[in-house]
Every structure is written in C-alpha cells, then in structure tokens.
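Novice:
Numbering (our numbering), first residue to last: 511 to 559.
Right under this line is the structure:
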C-alpha cells in the first residue's frame, strides 16, 4: 500500500512543483503590484495617517 501511495504521490508532486514554478513569477509580480499600490496610498501624505 505504501509503495503504491508513494508512486502516486511523486508524479503529483512533480506536476505541482512545475505548476508552482510557472505561476511563481506571476504571483510575485502581483505581490509587488499590490505592495506598490498599498505604499503609494500610505506614503504620499503621512500626516493623514
């Protein structure tokens, strides 16, 4: 049973890591965009905050 499970899990893990790698750049760019939006809202007038 355990051997079957391992052989089942490994290909899934490989596919998952591939998917993660391909989406990683998009996610990082999205995070950077969100951070820039966030800070551009807070930074310009700190007196209001």
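Ideal placement from N, C-alpha and C gives every residue a C-beta, glycine not left out.
Here the structure is a predicted model, which means the values were calculated and not measured.
Rounded to whole angstroms, what's the CA-CA distance from residue 535 to residue 549? Just pull it up for me.
Specialist: Locating residue 535 in the chain shown gives position 25, where the first residue counts as 1. Locating residue 549 in the chain shown gives position 39, where the first residue counts as 1. Distance between the alpha carbons of residue 535 and residue 549 is about 21 Å.
Novice: By Cβ distance, which residues of its chain are closer than 6 Å to residue 545, with the 5 residues on each side in sequence left out?
Specialist: Taking the chain shown and counting its residues from 1, the one referred to as residue 545 is at position 35. Answer for residue 545: no residue qualifies.
Novice: Using the Cα positions of residue 522 and residue 532, report the straight-line distance between them to the nearest angstrom.
Specialist: Along the chain shown, one-based indexing puts residue 522 at 12. Along the chain shown, one-based indexing puts residue 532 at 22. Using only the alpha carbons, I get a separation of about 15 Å.
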